[in-house]
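Residue numbers (the numbering used here): 805 to 953.
Read through the structure below, which is laid out as structure tokens, and then see the notes.
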């Protein structure tokens, strides 16, 4: 199992993994326009996100992570934000998720981030257990809010 930064030649693999995550979470898959924005935002003049792929020994992309930085005014440091971490069901337990997570966590430390944040769906006990094993703690006093445009 290897972890490598997303490249344009593996973009279709990346999109297929995003589709698999959407199916897993029973959400609509990104449409054609969203996929075009993903490409532009990942490889355009100003990258809005960064991504990794987990590649198994056969060369198949089995997982991915997306991250970007936000900023904490109280810490006066950037925050590493892990947007997605997903591994195909048949590759879970292979170490792919741990490698992806560790890469992003280590990168945040190297960049001087004060913390790493992410969200987990309340029903996803597999993910919650995974993060707990990596010392992730549920922030009980914070509630997520959203406005969708």
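Here a beta-carbon is modelled for each residue, glycine too, at the ideal position from N, C-alpha and C.
- By the beta-carbon neighbour count (other beta carbons within 10 angstroms, threshold 16), residue 904 is buried.
- For residue 943, the secondary structure class from DSSP, reduced to helix, strand or coil, is coil.
- Only residues of its own chain outside the window of five on either side were considered, and among them 843 have a CB closer than 7 Å to the CB of residue 815, listed in chain order.
- In this structure the region 820-827 touches the region 890-897; the number of beta carbon pairs closer than 8 Å is three or more.
- With a 10 Å radius around the Cβ and a threshold of 16 neighbouring Cβ atoms, residue 947 comes out exposed.
- With 16 or more other CB atoms across the displayed protein chains lying within 10 angstroms of its CB, residue 912 is buried.
- As DSSP reads the structure, residue 867 sits in a beta bridge with 858 and 891.
- Cα atoms of residue 813 and residue 929: separation of roughly 34 Å, rounded to the nearest angstrom.
- By the Cβ criterion, the region 851-870 is not in contact with the region 916-929, since fewer than three pairs of Cβ atoms, one from each stretch, lie closer than 8 Å.
- When the five nearest sequence neighbours on each side are left out, the beta carbons in the same chain lying within less than 8 Å of the beta carbon of residue 886 are those of 869, 870, 871, 905, 908, 920, 921 and 922, in order along the chain.
- Under the three-state reduction of DSSP, residue 807 is assigned to strand.
- Per DSSP, the continuous alpha helix (DSSP H) segment holding residue 827 begins and ends at 815-828.
- In the assembly as shown, residue 837 is an exposed residue. Its beta-carbon has fewer than 16 other beta-carbons within 10 Å.
- Beta bridge pairing from DSSP links residue 921 with 885.
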